[in-house]
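Numbering (this note's numbering), first residue to last: 273 to 402.
Note that the Cβ used here is the ideal one computed from N, Cα and C, for glycine as well.
Written below as structure tokens is the structure these notes are about.
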Amino acid sequence: MSYTYDPKSVSVIIQNVHLTGFGESMVEIEKDEDNYETSVGAQGDVVRTKINNKLGTITLTLQPTSPQVSFMDNLANTGDLVPVTVIYAGQPKEITAATQCYVSKPGARKYANSIEDREYEIKCLDLHML
Numbered sequence: 273m274s275y276t277y278d279p280k281s282v283s284v285i286i287q288n289v290h291l292t293g294f295g296e297s298m299v300e301i302e303k304d305e306d307n308y309e310t311s312v313g314a315q316g317d318v319v320r321t322k323i324n325n326k327l328g329t330i331t332l333t334l335q336p337t338s339p340q341v342s343f344m345d346n347l348a349n350t351g352d353l354v355p356v357t358v359i360y361a362g363q364p365k366e367i368t369a370a371t372q373c374y375v376s377k378p379g380a381r382k383y384a385n386s387i388e389d390r391e392y393e394i395k396c397l398d399l400h401m402l
């Protein structure tokens with residue numbers, strides 16, 4: 273079975289604002305730690321430990337002409353905790369959600385002979401990848 277990926281099937285919603293004007297990389301989502309860790313004792317006994325760390329990072333890339341650049345910069349400057357949801361409506365459907373997130377800093381501004389995307393790192397305190 274084969275599927276067709278369509279970037280238009282990806283939605284990012286931050287504090288009820290639907291982001292538009294994504295750059296080439298769009299969005300990347302990653303947990304900060306593994307779900308489990310293993311350790312081996314001196315006699316070879318193995319213990320698997322569940323890691324309950326729900327921290328994660330969502331990295332967004334917006335074109336500098338995106339209407340939401342000022343919104344993202346403002347979130348970075350205020351440090352407000354906001355909900356973030358990323359939905360991939362294609363196959364297989366995937367939802368990433370967190371209720372407590374903050375933008376770590378404003379996107380870097382680069383001015384050159386061509387436009388360069390703005391990257392935003394969003395730290396999530398309760399990341400759920402469904």
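For this session: Consult DSSP for Thr333 and reduce its assignment to one of helix, strand or coil.
Result: Note: Thr333 maps to strand in three-state DSSP.
Exercise. Residues in its own chain within less than 8 Å of Tyr277 by CB, not counting five upstream and five downstream?
Worked result: Excluding positions up to five away in sequence, the list reads Gly362.
Exercise. Can you name the start and end residues of the alpha helix (DSSP H) that Ser342 belongs to?
Worked result: 341-350 is the span of the alpha helix (DSSP H), which, as asked, contains Ser342.
Problem set entry | Reference Leu332; option with closest CA among Tyr383, Gly351, Ser283 | Ser283
For this session: Report whether the distance from the Cβ of Val358 to the nearest heavy atom of the ligand GTP is below 7 Å.
Result: The model depicted lacks the ligand GTP and carries no ligand whatsoever.
For this session: Tell me where the beta strand (DSSP E) around Tyr277 begins and ends.
Result: First-last for Tyr277: undefined, no H or E at that position.
Exercise. Do Ile330 and Val289 have their CB atoms nearer than 8 Å?
Worked result: no
Problem set entry | Span separating the alpha-carbon of Leu291 from that of Thr310 | 39 Å
Problem set entry | the stretch 293-305 touching the stretch 318-330, judged by at least three CB pairs closer than 8 Å | yes
For this session: Would you decide whether Thr321 is buried or exposed? Buried here means 16 or more other CB atoms lie within 10 Å of its CB.
Result: exposed
Problem set entry | Ile283 (DSSP reduced to helix, strand or coil) | The sequence as given places Ser at residue 283; Ile does not occur at that position. Reduced to three states, the DSSP call for Ser283 is strand.
Exercise. Exposed or buried, which one is Asp398 when buried takes at least 16 other CB atoms within 10 Å?
Worked result: exposed
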